[in-house]
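Residue numbers (the working numbering), protein chains in the order written: chain A, 28 to 185; chain B, 13 to 551.
Some notes on the structure that comes next.
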Amino acid sequence: MAGISPARKHAMAERWLALAVQTYPVPSRRFLVDQRDPFRNPAGQALRKRIPELVEELFGEMDAGKVGAALEDLMRLRAVQRFSAREAVGFLFGLKTILREESAADWETLARWEERVDELALAAFDLFMRFREQIYQIQADEARRRVAQLERMYSREG
Amino acid sequence: MPETATRPEELVRISYDPPPGDWRGSPVEFRKGTFCHAAGAKSVRYLELPNPRDWQPTDQDWKLPPNWKEIILAGMKERLERFRSFRLFMDICVRCGACADKCHFYLGSADPKNMPVLRAELIRSVYRRYFTTAGKVFRSLAGARDLTEDVLKEWFYYFYQCTECRRCSVFCPFGIDTAEITMMVRELLNLVGVNTNWVLEPAANCYRTGNHLGIQPHGFKDSIDFAVDDLEDLTGVRVEAPINRKGAEILFVVPSADYFATPHYYTLLGYLALFHEIGLDYTFSAYASEGGNFGLFSSHEMMKRLNAKIYAEAKRLGVKWVLGGECGHMWRVIHQYMDTLNGPADFLEEPVSPVTGTRFENARSTKMVHICEFTADLIHAHKLKLDSRRNDHWTVTYHDSCNPARAMGLLEEPRYILRRVANRFHEMPENTIREQTFCCGSGAGLGSDENIEMRLRGGLPRANAVKYVRDKYGVNLLTCICAIDKATLPTALAYWAPGVEVGGVHELVGNALVMKGEKERTTDLRGQPLGQGAEAIHA
Ligand code: SF4
Ligand code: SF4
Numbered sequence: 028m029a030g031i032s033p034a035r036k037h038a039m040a041e042r043w044l045a046l047a048v049q050t051y052p053v054p055s056r057r058f059l060v061d062q063r064d065p066f067r068n069p070a071g072q073a074l075r076k077r078i079p080e081l082v083e084e085l086f087g088e089m090d091a092g093k094v095g096a097a098l099e100d101l102m103r104l105r106a107v108q109r110f111s112a113r114e115a116v117g118f119l120f121g122l123k124t125i126l127r128e129e130s131a132a133d134w135e136t137l138a139r140w141e142e143r144v145d146e147l148a149l150a151a152f153d154l155f156m157r158f159r160e161q162i163y164q165i166q167a168d169e170a171r172r173r174v175a176q177l178e179r180m181y182s183r184e185g
Numbered sequence: 013m014p015e016t017a018t019r020p021e022e023l024v025r026i027s028y029d030p031p032p033g034d035w036r037g038s039p040v041e042f043r044k045g046t047f048c049h050a051a052g053a054k055s056v057r058y059l060e061l062p063n064p065r066d067w068q069p070t071d072q073d074w075k076l077p078p079n080w081k082e083i084i085l086a087g088m089k090e091r092l093e094r095f096r097s098f099r100l101f102m103d104i105c106v107r108c109g110a111c112a113d114k115c116h117f118y119l120g121s122a123d124p125k126n127m128p129v130l131r132a133e134l135i136r137s138v139y140r141r142y143f144t145t146a147g148k149v150f151r152s153l154a155g156a157r158d159l160t161e162d163v164l165k166e167w168f169y170y171f172y173q174c175t176e177c178r179r180c181s182v183f184c185p186f187g188i189d190t191a192e193i194t195m196m197v198r199e200l201l202n203l204v205g206v207n208t209n210w211v212l213e214p215a216a217n218c219y220r221t222g223n224h225l226g227i228q229p230h231g232f233k234d235s236i237d238f239a240v241d242d243l244e245d246l247t248g249v250r251v252e253a254p255i256n257r258k259g260a261e262i263l264f265v266v267p268s269a270d271y272f273a274t275p276h277y278y279t280l281l282g283y284l285a286l287f288h289e290i291g292l293d294y295t296f297s298a299y300a301s302e303g304g305n306f307g308l309f310s311s312h313e314m315m316k317r318l319n320a321k322i323y324a325e326a327k328r329l330g331v332k333w334v335l336g337g338e339c340g341h342m343w344r345v346i347h348q349y350m351d352t353l354n355g356p357a358d359f360l361e362e363p364v365s366p367v368t369g370t371r372f373e374n375a376r377s378t379k380m381v382h383i384c385e386f387t388a389d390l391i392h393a394h395k396l397k398l399d400s401r402r403n404d405h406w407t408v409t410y411h412d413s414c415n416p417a418r419a420m421g422l423l424e425e426p427r428y429i430l431r432r433v434a435n436r437f438h439e440m441p442e443n444t445i446r447e448q449t450f451c452c453g454s455g456a457g458l459g460s461d462e463n464i465e466m467r468l469r470g471g472l473p474r475a476n477a478v479k480y481v482r483d484k485y486g487v488n489l490l491t492c493i494c495a496i497d498k499a500t501l502p503t504a505l506a507y508w509a510p511g512v513e514v515g516g517v518h519e520l521v522g523n524a525l526v527m528k529g530e531k532e533r534t535t536d537l538r539g540q541p542l543g544q545g546a547e548a549i550h551a
C-alpha cells in the first residue's frame with residue numbers, strides 16, 4: 028500500500044470533498060468549500076477537516092478510534108440535514124471512482140481499498156441511525172426538563 | 013448519487029439575485045422534524061384571531077378563507093403605510109450578500125432560502141409584483157411573482173425558520189433587519205389563520221392566567237413556596253418571597269420557566285437568596301407571572317396585550333419600579349416596544365437601587381431594570397460577600413442571548429458578574445459572542461418538540477463554538493440569561509457538544525453568595541456536592 032504520495036492523497040481528498048459538497052444545493056457549495064473559518068462555516072469545515080483524515084486512515088492503519096471520530100462528526104451533521112440514510116452515506120462510495128482514477132494501483136490493491144470503503148460506509152450507516160435515534164431521545168429529555176420542577180412539586184404533595 | 017466529481021474551483025459562483033423566471037416550480041415539502049404544528053382552533057378562538065379551524069401544514073388544503081389573497085395584500089398595503097421600516101426594507105436591499113452566510117439556519121442547513129437575503133426575497137418578490145410599477149409591468153423579469161397558495165406555504169415554512177435573532181442585521185451595510193421582515197410576514201399569515209401552536213397556545217394561556225403554562229395564582233404561589241423550602245434545605249436560611257404584596261418598592265418579573273423548568277429553577281433559587289441577603293423590598297405578581305411575550309412572535313397587537321399586564325400590575329400594587337429576571341425576548345419587547353405600546357409609565361419612578369443608591373438612568377423611560385445590571389452594581393459597590401470557590405466545579409463560558417445582547421446591548425454586566433462569582437471563565441471565539449453571538453436556534457417560537465431537526469441545524473454554529481471551548485479549556489457549563497436558551501441549549505449541546513451543561517448567571521451568584529446565618533454549604537443549588545472538581549463531573 029505504500030507509494031501514495033501526500034500530494035495524491037490531498038488531491039483525492041479534495042475531489043472527495045467536492046463530491047460530498049455536491050449533495051448540497053448549488054448556491055451553497057462554494058461557500059461550504061471556501062469559507063475556512065470553522066466558526067463561520069461549521070458544516071463545511073467539518074467536511075474539510077474529516078475527509079482528509081478518512082483518506083489518511085484508508086491508506087494507513089484504519090485506526091478504529093480515528094475513523095470513528097471522523098465518521099461521527101460527518102454523520103452527526105448529515106443526520107439533521109434532510110438526507111435519507113442512503114443520501115447521507117452515498118457520497119462515501121464516490122471514493123471508489125476517485126481511487127480508480129487517481130491511483131495507478133493494481134487490481135488487487137484496488138480491491139482491498141474498495142473493501143475499506145465499504146467498511147467505512149457500513150460504519151457510517153450505523154452512526155447515521157444512531158444519531159437519528161438520539162434525536163428522539165434528546166427531544167424526550169427536553170420535554171421532561173420543561174416541567175421538571177412542577178412534577179417534583181406535585182409528586183412531593185401527592 | 014452524483015457520479016461526476018467537480019473540483020472545488022469549478023463550483024458555481026453564488027448569485028444573490030432571485031432565481032430567474034417563475035419561482036413556483038418547487039413547492040416546499042413539509043418533512044417531519046422541520047416545521048411546527050398549526051395552532052389549534054381553541055387557542056385561535058381564545059385570542060379572537062381570524063379563521064379558527066383544525067389543520068396541519070402537511071394538509072393539502074389549508075382551509076384558507078376564500079378571499080385570502082385580498083386579505084394578505086390589503087394587510088401588506090396597510091403595513092407598508094404604517095411601518096416606514098417595512099417599506100424601506102422592501103426597497104433598499106442591493107443584494108450585496110453580506111448577510112447571506114450570517115444566519116445560523118443557513119450555516120446548519122446549507123439551504124439557500126435560509127440566507128437572510130433570499131428569505132426576505134420570498135416576500136420582496138410579492139411586494140414588487142403588487143406594489144411597484146416595474147413589477148406590475150415586467151413581472152418575473154423584475155424579480156416579481158404572483159401571490160399563490162404555494163407562495164404562502166413557502167412563507168410559512170421559511171419565516172418560521174427565522175428566530176428573529178437579528179444577527180444578519182449586524183452585517184448589513186443598510187441595517188436591514190430581517191427579523192422585522194419576519195415579524196411582518198408572520199402578522200400577515202395570522203390574518204388568514206396561518207399560525208403555530210407553539211406560539212399561540214402559550215399566548216392564549218398567558219392572556220388568560222398570566223403565564224405560558226396557564227398556571228393559576230394558587231399554583232404560582234405553591235411553586236414559589238416550594239422554591240423557598242428547597243432553598244432552606246440547601247442553605248439553612250428561610251427566605252421570604254412575597255406575592256401580590258401592595259406597597260412593595262419593586263415588582264419582580266421572571267419568565268415562568270424559572271419556576272417550573274430545569275435548569276431555570278436554580279436561577280430562581282439564586283434570585284431568592286440574593287434578595288433575602290440584601291433585604292430587598294419587592295414582590296412577585298401572580299398575574300405578571302411571565303416575562304416572556306409570545307406576542308412578539310405573532311403580531312404587534314398581541315405583544316401589546318401581553319405586555320400590558322406588567323404595567324397594570326405595577327400600578328395595582330403601587331410599586332416604584334420594575335425589576336426583570338433572566339429572560340430573553342422580554343427585554344426586546346421592553347427595550348424596543350413597551351414605551352410606545354403601553355407607556356409612558358408616568359406613575360412609576362426612575363429606578364434607584366435601594367442598596368447602593370445608583371440611579372438607573374438608562375431605564376428612565378421604561379422604569380424596568382435588568383437583574384444583571386442590578387447585581388453587577390451590587391458587586392461593584394461591594395455589597396455582596398462572595399465565595400467564588402463554590403463554583404470551582406464549573407469551568408464556565410457565557411452565551412450572549414440574542415435579545416439582551418443585540419436588542420439592548422447588555423454585554424458587560426453578565427461577564428462582570430461571572431468573573432466575580434466563578435474562578436474559571438473562558439470566552440468563546442470573538443466572532444460568536446457579543447453582538448455577533450449565534451442564536452440557540454430555537455427562539456421566536458420555534459422551540460417545539462416537533463421542530464427538533466430544524467432546531468438542531470440552527471443550533472450548530474452556537475454549539476460548535478461551545479465544543480471548541482470544551483475541548484480547549486474543559487468548559488463544562490454554558491451560562492446564559494434567557495429562558496428559551498435554558499430550555500433548548502441543553503438539547504443542542506447534548507447532540508453537538510455532549511458534556512456541557514447549561515445554567516444561569518444568577519444560579520452561580522446563588523452558589524457563591526455567602527448568606528448570614530447559612531449552614532455550611534456542601535452542595536450547589538442543584539444539590540451537587542461542592543468541591544467535586546470539574547474533571548470529576550465531566551467524567
Ligand atoms: S446585507 Fe443588506 S443589502 Fe446586502 S443582501 Fe443582505 S439585506 Fe441586502
Ligand atoms: S434567524 Fe436571525 S440571522 Fe437568520 S434571518 Fe432570521 S434574524 Fe437573520
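Just so it is clear, CB atoms sit at the ideal spot from N, CA and C, and this is done for glycine as well.
Interface annotation, T503 of chain B: in contact with chain A, CB-CB separation under 8 Å. By the neighbour-count definition (other C-beta atoms within 10 Å, threshold 16), C115 of chain B is a buried residue.
If you compare the alpha carbons of B:F42, B:D189 and B:G45 with that of D103 of chain B, the shortest gap goes to B:D189.
Interface annotation, T535 of chain B: not in contact with chain A, CB-CB separation never under 8 Å. Within chain A, the residues placing a beta-carbon under 7 Å from that of P441 of chain B are F66, ordered along the chain.
Y271 of chain B and K258 of chain B have their alpha carbons spaced roughly 22 Å apart. For D234 of chain B, the chain A residues whose Cβ falls inside 7 Å of its Cβ are M180, in order along the chain.
Identification of residues in the stretch 116–144 of chain B having a C-beta nearer than 7 Å to some C-beta of chain A yields L119, G120, S121, A122, D123 and P124, given in sequence order. Contacts between E169 of chain A and chain B, judged by CB atoms closer than 8 Å, involve D461, A499, T500, P502 and T503 in chain order. D100 of chain A and K93 of chain A have their C-alpha atoms some 11 Å from each other. Boundaries of the beta strand (DSSP E) harbouring Y410 of chain B: V408 to Y410, taken from the DSSP string. Cα atoms of S55 of chain B and N415 of chain B: separation of roughly 26 Å, rounded to the nearest angstrom. Across the structure, M180 of chain A and K321 of chain B are spaced so that their CA atoms are roughly 27 Å apart. At least one CB of chain B lies nearer than 8 Å to the CB of F58 of chain A. No residue range can be given for E252 of chain B, since it is assigned to no alpha helix (DSSP H) and is classified by DSSP as neither H nor E. Look at P366 of chain B here: in three-state DSSP terms it is coil, with no helix or strand label.
If the five residues before and after A73 of chain A are omitted, its C-beta is found closer than 7 Å to the C-beta atoms of D100, L101 and L104, all from its own chain and listed in chain order.
Relative to ligand 1, the nearest heavy atom lies less than 7 Å away from the CB of C108 of chain B. Annotated as distal: Y283 of chain B and L537 of chain B, with beta-carbon spacing of 8 Å or more. Neighbours of S55 of chain A across chain B, judged by C-beta separation under 7 Å: A122 and P124.
Ligand 2 approaches E176 of chain B closely enough that one of its heavy atoms is under 7 Å from the residue's Cβ. Using a CB distance cut-off of 8 Å, L149 of chain A does not count as an interface residue toward chain B. The residues A51 and S55, in chain order, have a CB closer than 6 Å to that of L212 of chain B in the same chain once the five nearest residues on each side in sequence are set aside. When the beta-carbon positions are compared, V433 of chain B and L318 of chain B stay at least 8 Å from each other.
Here G147 of chain B carries a helix assignment [DSSP, helix/strand/coil]. Between ligand 2 and F186 of chain B, a heavy atom-to-CB distance of less than 7 Å is absent. Within chain A, the residues P65, F66 and P69 have their CB atoms less than 8 Å from the CB of N476 of chain B, given in chain order. Per the C-alpha coordinates, the member of B:T368, B:G457 and B:L430 positioned closest to C384 of chain B is B:L430. Within chain A, the residues whose beta carbon sits less than 8 Å from that of R469 of chain B are V107 and Q108, listed in sequence order. Taken in chain order, the whole beta strand (DSSP E) runs of length 3 or more contained in the stretch 315–380 of chain B are 333–336. In the three-state scheme derived from DSSP, where H, G and I count as helix and E and B as strand, C492 of chain B is classed as strand. Q49 of chain A and R56 of chain A have their C-alpha atoms some 7 Å from each other. DSSP lists B:T208 as the bridge partner or partners of A50 of chain B. In the three-state reduction of the DSSP assignment, V56 of chain B falls in the helix class. In the three-state reduction of the DSSP assignment, H312 of chain B falls in the helix class. Secondary structure note for F264 of chain B: its beta strand (DSSP E) is the uninterrupted segment I262 to V265.
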